């Protein structure tokens, strides 16, 4: 938890700092005196004063503020002529516009320089890989298959999921993927186009959670499955090997059920055993004939006092079937448990080299507002395939300059379009996340790749800039609207109108924040 909090502060801190620095820079450039420059809200933890400005780091790291001298539009009578020279409200409308716009502008500039730095230094990002693609899924209808690695969208190279949205220009017509080492062109046949939003919805149904080709025999021994008699590598998952359709596979005996440096320990002194698969046959069923079971249906852990523990299940047991249905993946186990209707489930397990029949009655828990049926069994997560990383070579200065500009502009346009869809109800408000969601994706991206971390930082920086340009009082966009109304009104607005607008803006912003926090809590608790 401490690590996640530190990552969150490292992620959000620069975004807030540069936003406030934009306001500060233009205020000083226009001769406005800045009284307070604070990163964070609430009680000040650290502070020092230089000149007329107090610099502070405050307790709540969810924003910041720059307090300018004479920022009350109705304080003119209390200021001397000398003080008016340094007052915000006594500056020209053009000067005030740039001071207000400076915050969002700084966020856009920061995003540009992050992109520029990534292009100049090169990037190391994980492959955009699909997990299990079910036969009945939309992805399967499009022509995508389990384990496909997406390389291009509409002929344009993509290196991250955000690139899919940015480079698709609102519709996806074709995909270039790597499938079992071969490049495959997939033309979308669903009216020839797919909206990025729909594509991401389907993509979420195929998370890249694939298992190593490790098997456990009924006898208790562990084996590594390979499609090559002379090669033992983690190039392909068990699901990918099953979809390959080869006529022969090879079993390499493992020295241990444990991994070393993330890889199985193969006993090379034993000749691999051949497994013949007839044309059109299911590899899983052929393995079952040999009493071999995927590591995914081997119990990795048991929760104390859970239904599984009470029924006698133990770590290392093989869950062969539930209600007569043979299991090959942990996902199938969860699906079978979810169908529990009050009658104890009949479970066949292999324990100590023998098959035993158990009766399991799952317990119901409410998680994220949904009733979930659980038995208290954990999978061997250490046997899940690790993502492969792609090295993207550095660009020249001229290439980095133009590519960064294009990516920043595209990100801004897509962000505006995203909020437009939210306002017009094309996108559900449930998709909006608050600080907990930002913290989670920041932590996840940091643990995956530093390039991903900075890509996400640039994207959130643009989002922060766009949000602050909304014409809502108390936000920068609201202040810009006030300046425009002053031009139209040929003078400042009345105190009453400003107070009403500020109250409305604060209420709306509070409502949005409460909604985002509600989404966070229902998502994570």
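In our numbering, the protein residues as written are 1334 to 1858. All residues carry an ideal CB built from backbone N, CA and C; glycine is no exception. All of these numbers come straight from a predicted model, not from anything done at the bench.
| Check | Outcome |
| --- | --- |
| Compute the Euclidean distance between the alpha carbons of residue 1425 and residue 1352, then round it to the nearest angstrom. | 22 Å |
| Measure the Cβ-Cβ separation of residue 1489 and residue 1461 and say whether it is below 8 Å. | no |
| Residue 1737 and residue 1398: beta carbons closer than 8 Å? | no |
| List in chain order: all unbroken alpha helix (DSSP H) runs of 4+ residues lying wholly within the region 1454-1529. | 1471-1475 and 1494-1500 |
| Considering only C-alpha positions, which residue in the set 1509, 1563, 1565 and 1478 is nearest to residue 1576? | 1478 |
| Answer yes or no: do residue 1631 and residue 1599 have a C-beta to C-beta separation smaller than 8 Å? | no |
| Between 1589, 1614 and 1593, which lies nearest to residue 1574 when the distance is taken from Cα to Cα? | 1614 |
| Tell me the rounded alpha-carbon separation between residue 1382 and residue 1348. | 23 Å |
| Expressed to the nearest angstrom, what Euclidean distance is found between the alpha-carbon atoms of residue 1705 and residue 1796? | 34 Å |
| Go through its chain and collect everything with a Cβ distance to residue 1391's Cβ below 6 Å, but skip five positions before and after it. | 1371, 1373, 1374, 1375 and 1377 |
| Over the uninterrupted alpha helix (DSSP H) stretch that includes residue 1784, give me the two end residues. | 1783-1801 |
| Please tell me whether residue 1435 and residue 1341 are closer than 8 Å, where the distance is taken between their beta carbons. | no |
| The beta strand (DSSP E) with residue 1386 in it runs from where to where? | 1386-1401 |
| Does residue 1711 pass the burial test, meaning 16 or more other C-beta atoms within 10 Å, or should it be called exposed? | exposed |
| For residue 1539 versus residue 1454, is the C-beta spacing smaller than 8 Å? | no |
| If you scan the region 1615-1691 from start to end, which runs of the beta strand (DSSP E) of 3 or more residues do you find wholly inside it? | 1625-1627, 1651-1655 and 1678-1684 |
| On the criterion of 16 or more Cβ atoms from any shown chain inside 10 Å, does residue 1829 qualify as buried, or is it exposed? | exposed |
| Can the beta-carbon of residue 1510 be found closer than 8 Å to that of residue 1475? | no |
| Going along the chain, which residues of its own chain have a beta-carbon closer than 8 Å to the beta-carbon of residue 1744, five neighbours each way excluded? | 1444, 1495, 1499, 1791, 1792 and 1795 |
| Would you call the region 1661-1679 and the region 1722-1735 in contact, with 3 or more CB pairs under 8 Å? | no |
| If you run the structure through DSSP and keep just helix, strand and coil, what is residue 1609? | strand |
| Terminal residues of the continuous alpha helix (DSSP H) containing residue 1347? | 1335-1362 |
| Using a Cβ-Cβ cut-off of 6 Å (strictly less than) and excluding sequence neighbours within five positions of residue 1585, which residues of its own chain qualify? | 1557, 1565, 1599 and 1605 |
| Could you work out which residue in 1665, 1659, 1652 and 1345 is closest to residue 1686 when comparing CA atoms only? | 1652 |
| DSSP three-state label for residue 1550, please. | strand |
| Can you check which of these residues, 1450, 1619 and 1709, is closest to residue 1640 by C-alpha distance? | 1709 |
| Quick check on the burial criterion: 16 or more other C-beta atoms within 10 angstroms. Buried or exposed for residue 1572? | buried |
| Using DSSP with H/G/I as helix, E/B as strand and the rest coil, what is residue 1542? | coil |
| Below 6 Å CB to CB, which residues in the same chain sit around residue 1532 once its five sequence neighbours on both sides are set aside? | 1505 |
| Under a Cβ-count criterion, where at least 16 other Cβ atoms within 10 Å of its own Cβ denotes burial, should residue 1491 be classed as buried or exposed? | buried |
| Taking just the CA atoms, how far does residue 1456 sit from residue 1728? | 10 Å |
| Tell me the DSSP secondary structure of residue 1435 in three-state form. | helix |
| Starting from residue 1815 and walking both ways along the alpha helix (DSSP H), at which residues does that stretch end? | 1809-1822 |
| Just to check my reading of the structure: residue 1367 and residue 1401 have Cβ atoms closer than 8 Å, yes? What is that Cβ distance to the nearest angstrom? | 6 Å |
| Pairs of beta-carbons, one from the region 1808-1826 and one from the region 1768-1786, closer than 8 Å: are there three or more? | no |
| Identify, in the order they occur along the chain, each residue of the same chain with its Cβ nearer than 7 Å to the Cβ of residue 1589, setting aside the five sequence neighbours on each side. | 1598 |
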